[in-house]
Amino acid sequence: MTSGENTAARKLPGSLETNRRLDRWLRVNRDGTVTVFPGKVEIGQGILTVLVQIVAEELDLALERVRLAPADTSRSPNEGITSGSRSIQESGMALRYAAAEVRDLLMQRAAVKLGVSLEQLTAADGVIAARGGGSLTYGELADDDLLAREATAEVAPKAAAQHAVVGTAVPRLDIPAKVAGVPSYVQDLELPGMLHGRIVRPPGYSGRLTALDAAEVQAMPGVVAVVRDGNFIAVVAGREEQAIRAQRRLARISQWEEQSALPENSDPRYLLDCVAIAEVISEKTGETAASGAISELEAEYTRPHIAHASIGPSCAVAQFTDGQYTVWTHSQGIFPLRGDLAKVLGVDEKSITVIHAEGAGCYGHNGADDVALDAVLLARAVPGRPVRVQWMREDEFAWEPYGSAMVVRMRAALGADGRIASWSHDVWSHGHSTRPGGKGGVNLLAGWHLAQPLRPAAPGNPPLPAGGSHRNAIPLYDFPQQHVTNHLVSEAPLRVSALRSLGAHVNVFAIESFMDELAIAAGADPVEFRLRHMKDARARAVIEAVAAKAGWKPREQGDGMRGRGIGFSRYKNLGCYVAVITEVEVENEVRVRRAWAAIDAGQAINPDGIVNQTEGGITQTISWTLKERIDFDRQRVTTRTWQDYPILTFAEAPEIEVTLINRPDQPPLGAGEGAQGPTGAAIANAIFNALGVRMRDMPFTRDRLVAAMI
Amino acid sequence: MALTITVNGTPREITADAETPLLYVLRNDLQLKGARFGCGAGQCGSCMVIVDGKAVQSCDVPVSAVAGKSVITIENLGSVERPHPLQQAFIDEQAAQCGYCVSGIIMTAKALLDVNPEPGEHEIRAALAQNLCRCGTHARILRAIRRAAEKMRAAT
């Protein structure tokens with residue numbers, strides 16, 4: 020059999036649909052190991068360990084015999100972007116079916132070679148044995164032809180009850196090397212003859228270079244090249260500290276002209292005055308049981324622009340040799356990046372190879388793709404020499420695409436029966452995706468600064484049901500009447516793109532804060548009030564589980580200093596279910612002391628991975644919600660250092676208990692972004708429970724708290 | 424200029440300007456990649472090493488300032504095959520997500536446990552004042568350090 024057969028339109032699971040060849044995904048090696056070629060990448064979420072578990076399970080192979088190949092445009096399946104908590108559903112399901120089919124092919128070949136029927140064979144750790152004697156290893160059975168065919172997905176993977184590796188807390192494969200300080204990241208890559216590059220960005224978005232005499236920089240020790248192309252200026256030097264010194268000198272002597280184009284201040288309400296496209300995304304006009312509302316409530320909730328703020332500034336290494344570009348990058352989408360690089364360079368995609376190497380956690384679209392273009396542009400200036408570029412901390416804060424500022428206005432009527440009779444949700448935001456691969460432009464920073472500038476593609480939103488700015492804007496609760504409108508502000512004064520959970524953080528913050536306000540107006544307990552409006556059994560289960568774990572008491576009251584609050588959502592309304600309770604202590608400022616969560620992500624492939632992601636999501640969201648805001652004046656982003664942008668510290672970190680509701684017979688739902696929305700609201704609700712003060716504008720800083728209490 | 428510095432117990436001759444931050448000498452001259460660049464301003468702890476017993480941010484120290492002193496990096500603690508009790512505790516607690524900050528945090532913890540084998544919760548958190556973690560792995564990292572402290576005390 021060869022490829023080309025079975026091209027019927029039968030839909031295959033996950034990313035098998037778009038990458039149908041088995042040998043795109045798996046290779047059986049002569050030594051009995053199996054190499055996995057995932058198109059999804061590790062961004063600190065532990066996905067690669069999970070994919071190895073899935074393959075080991077279906078192939079009846081020890082974990083130690085499974086190898087991982089880095090994602091590489093010359094070899095790997097094209098799985099688009101690693102984002103949206105979709106890796107298990109897309110890559111994991113593809114590999115599950117591909118591995119089951121490969122095992123079946125190996126069994127069939129073994130049956131022929133051993134001259135027995137399939138029923139007489141068993142497979143254990145890569146050895147297929149016949150009951151009556153005789154055995155062959157996978158390595159002995161496989162050759163290049165075996166997997167050179169399209170997947171059929173007709174071999175059923177194991178049932179959950181048969182799983183021995185899937186569903187267990189296999190330790191992360193990458194952690195032993197990382198805690199030993201072994202080179203693990205693109206930042207650690209060292210190639211022979213490697214040079215170091217640094218970029219001098221304009222002082223602000225509107226900056227245009229008016230004067231630069233680079234001769235004195237060219238003469239600095241170690242400087243190999245000063246690159247200037249329009250408003251893009253950069254240095255290449257032999258040593259890293261030499262490149263940094265040259266960058267600083269270049270920044271000092273360059274002169275720029277700037278416009279005052281940014282909003283007056285960081286208050287997100289500027290969005291309300293912008294031109295917006297309004298789209299009604301949910302409308303329900305059912306009968307309400309109660310005659311006449313007893314009360315109507317309105318509230319407005321906001322979040323400013325916030326940063327991904329990766330601990331490791333973005334980095335890439337590139338080389339240009341004999342007309343071929345190679346770039347090592349921590350991009351979340353090596354294929355879309357290659358497409359945009361080709362547009363900037365004006366070359367065919369075939370002349371560019373993009374290879375993934377891990378970076379620090381990114382939490383969405385940060386500078387990873389941009390620095391890949393920076394490195395490629397500098398490599399082109401010094402052919403044959405690899406160039407490593409790492410952004411400085413100031414570059415990362417000033418130039419990464421932020422999570423958009425958002426404003427949500429809620430309105431609801433409460434019936435005499437204590438139920439919500441009507442509900443309205445209006446959200447104002449910029450689009451939440453400007454990743455590479457967008458249509459009609461190039462989404463790589465340096466491309467906009469070149470003498471022949473490329474235009475960025477317009478910010479967009481992933482479509483519903485997942486959504487972008489409108490992600491989780493439609494409530495999962497059961498209301499007879501509802502009206503949800505997305506007001507999309509296309510023109511963004513600050514650069515924005517996908518930040519972990521996209522609009523869900525703010526939409527759920529608004530919905531779940533407002534549910535609390537309504538519960539209080541109805542004189543109801545907030546947990547019971549949620550259950551009163553919720554039919555979805557799995558949603559009810561996480562709410563009930565977290566309340567039980569936290570020992571929630573009906574109508575419990577804070578004591579003027581401490582209080583607790585709850586938040587819930589089903590991520591994207593189609594992913595994992597998460598409920599969070601936080602306990603806050605408010606003295607001079609708000610401190611989250613403890614948090615409890617319950618999560619149902621369907622089948623848990625690696626339970627500890629889900630718990631780790633949920634703990635991390637809660638902790639990061641506490642930081643977003645209490646502390647974070649990008650600041651700017653009319654010309655420039657003024658947030659440049661960790662002093663300007665404090666994040667949660669070890670002194671402030673809470674204890675967290677996560678309850679996992681595993682449903683082995685349900686499809687896995689992804690777990691990377693479920694906690695963000697519920698946590699933000701749980702904090703606001705806990706503050707109200709403690710003090711009777713309602714915080715609606717993030718971040719809940721000391722100044723805001725004092726202002727709200729007066 | 425030529426300088427001799429003692430890293431992980433071995434004198435090493437290097438050629439670099441006196442004001443070169445120690446971090447770049449460790450990473451690029453000595454190929455010790457465990458200390459990582461995070462901010463270049465001593466604000467995040469990704470580049471933490473131990474100099475004469477004290478946790479120090481190597482991005483913020485000129486290499487000439489450590490001449491005649493003892494510099495210890497994460498590579499000197501243990502290896503994948505033979506991890507130091509602190510490294511083992513981080514594995515046991517699965518106390519990492521992206522892991523970029525972790526080698527710096529382990530070095531801070533090592534400096535703490537060397538002088539205070541029985542730190543209280545407050546002391547551990549205070550010692551980590553210079554270390555940032557963005558993935559939100561704080562609770563696990565604190566557990567790992569407590570676990571390591573217990574194991575190291577039991578072993579002595």
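These protein sequences, in sequence, are chains S and Y. Counted from 1, the first sequence has number 419 at position 400 by the working numbering; the numbering is strictly sequential. Counted from 1, the second sequence has number 474 at position 51 by the working numbering; the numbering is strictly sequential. From the three backbone atoms N, C-alpha and C, an ideal C-beta is built for every residue, glycine too.
Residue of the options minimising C-alpha distance to residue i
i                      : options                       : result
residue 200 of chain S : Y/579, Y/496 and Y/542        : Y/496
residue 190 of chain S : Y/515, Y/579 and Y/459        : Y/515
residue 623 of chain S : S/180, S/412 and S/153        : S/180
residue 514 of chain S : S/501, S/542 and S/476        : S/476
residue 373 of chain S : S/385, S/355, S/364 and S/83  : S/355
residue 255 of chain S : S/230, S/704, S/397 and S/210 : S/397
residue 563 of chain S : S/321, S/617, S/631 and S/359 : S/617
residue 731 of chain S : S/91, S/71 and S/90           : The structure shown does not extend to residue 731 of chain S, since chain S is modelled only from 20 to 729, so the question has no answer here.
residue 547 of chain Y : Y/570, Y/488 and Y/424        : Y/570
residue 228 of chain S : S/29, S/271, S/461 and S/204  : S/271
residue 454 of chain Y : Y/499, Y/465, Y/461 and Y/561 : Y/499
residue 7 of chain S   : S/447, S/370 and S/638        : Outside the modelled stretch of chain S, which goes from 20 to 729, sits residue 7 of chain S, for which no answer is possible.
residue 276 of chain S : S/267, S/304, S/231 and S/720 : S/231
residue 305 of chain S : S/580, S/412, S/502 and S/607 : S/502
residue 460 of chain Y : S/341, S/399, S/379 and S/392 : S/379
residue 323 of chain S : S/289, S/316, S/297 and S/313 : S/289
Per-residue burial, residue i [other beta carbons within 10 Å of its own, 16 or more giving buried]
i                      : result
residue 137 of chain S : exposed
residue 299 of chain S : exposed
residue 117 of chain S : buried
residue 520 of chain Y : buried
residue 26 of chain S  : For residue 26 of chain S, the predicted structure reports a pLDDT of 47, less than 50, and the residue's modelled location is therefore unreliable. The matter cannot be settled from this model.
residue 59 of chain S  : buried
residue 482 of chain Y : buried
residue 175 of chain S : exposed
residue 621 of chain S : buried
residue 591 of chain S : buried
residue 589 of chain S : buried
residue 145 of chain S : buried
residue 525 of chain Y : buried
residue 729 of chain S : exposed
residue 20 of chain S  : The pLDDT assigned to residue 20 of chain S is 36, lower than 50, so where the model puts this residue is not dependable; a value taken from the coordinates is nonetheless given after this. The residue in question, residue 20 of chain S, is exposed, as its Cβ has fewer than 16 Cβ neighbours within 10 Å.
residue 459 of chain S : exposed
C-alpha distance - residue i paired with residue j, whole-angstrom precision
i                      : j                      : result
residue 22 of chain S  : residue 368 of chain S : Low local confidence applies: a pLDDT of 42 at residue 22 of chain S is under 50, so the model's placement there is unreliable, with the coordinate-based value given in what follows. Cα to Cα, the separation comes out at about 24 Å.
residue 166 of chain S : residue 95 of chain S  : 15 Å
residue 582 of chain Y : residue 627 of chain S : With chain Y covering 424 to 579 only, the question about residue 582 of chain Y has no answer from this structure.
residue 551 of chain S : residue 538 of chain S : 10 Å
residue 469 of chain S : residue 242 of chain S : 22 Å
residue 114 of chain S : residue 143 of chain S : 19 Å
residue 105 of chain S : residue 625 of chain S : 15 Å
residue 345 of chain S : residue 365 of chain S : 15 Å
residue 721 of chain S : residue 609 of chain S : 7 Å
residue 24 of chain S  : residue 147 of chain S : Any reading at residue 24 of chain S must be qualified, since the residue scores a pLDDT of 44, below 50, and its modelled position is unreliable; no value is offered.
residue 498 of chain S : residue 301 of chain S : 12 Å
residue 261 of chain S : residue 197 of chain S : 28 Å
> the stretch 616 to 629 of chain S: which residues have C-beta closer than 8 Å to a C-beta of chain Y, in chain order?
Replying inline: 627
> So, do the stretch 382 to 399 of chain S and the stretch 328 to 336 of chain S have three or more beta carbon pairs nearer to each other than 8 Å?
Replying inline: yes
>> Against chain S, which members of the stretch 542 to 560 of chain Y pass a CB distance test of less than 9 Å?
In response: 545, 547, 548, 549, 550, 551, 552, 554, 555, 556, 557, 558, 559 and 560
>> Does the stretch 439 to 448 of chain S come into contact with the stretch 240 to 258 of chain S, if we say contact requires no fewer than three beta-carbon pairs (one atom in each stretch) closer than 8 Å?
In response: no
> Are the stretch 390 to 409 of chain S and the stretch 420 to 437 of chain S touching by the rule of at least three beta carbon pairs closer than 8 Å?
Replying inline: no
> Along the stretch 662 to 680 of chain S, what residues have a CB closer than 9 Å to any CB found in chain Y?
Replying inline: 662, 666, 667, 668, 669, 670, 671, 672, 673, 674 and 675
>> Can you pull out the residues from the stretch 561 to 578 of chain Y whose beta carbon lies closer than 8 Å to at least one beta carbon of chain S?
In response: 561, 562, 563, 564 and 565
>> Would the stretch 528 to 535 of chain S count as touching the stretch 460 to 478 of chain S if we require 3 or more Cβ pairs under 8 Å?
In response: no
> Quick check: the stretch 646 to 659 of chain S against the stretch 707 to 716 of chain S, are there 3 or more CB pairs under 8 Å?
Replying inline: no
> Along the stretch 514 to 532 of chain Y, what residues have a CB closer than 7 Å to any CB found in chain S?
Replying inline: 514, 517, 519, 520, 521, 522, 523, 524, 525, 526 and 529
> Which residues, in order along the stretch 460 to 474 of chain Y, keep a beta-carbon less than 8 Å from a beta-carbon of chain S?
Replying inline: 460, 461, 462, 463, 464, 466, 467 and 469
> What residues in the stretch 374 to 395 of chain S have a beta carbon less than 7 Å from any beta carbon of chain Y?
Replying inline: 379 and 380
>> For the stretch 136 to 148 of chain S, list every residue whose C-beta sits within 9 Å of some C-beta in chain Y, in sequence order.
In response: none
> Are there three or more Cβ pairs, one per stretch, closer than 8 Å when the stretch 631 to 640 of chain S is compared with the stretch 428 to 436 of chain Y?
Replying inline: no
> What are the residues of the stretch 161 to 193 of chain S that lie near chain Y, defined by any Cβ-Cβ distance shorter than 9 Å?
Replying inline: 188, 190, 191 and 193
> With a cut-off of 8 Å, do at least 3 Cβ pairs link the stretch 501 to 514 of chain S to the stretch 686 to 705 of chain S?
Replying inline: no
> Does the stretch 475 to 492 of chain Y come within contact of the stretch 596 to 608 of chain S, defined as at least 3 CB pairs closer than 8 Å?
Replying inline: no
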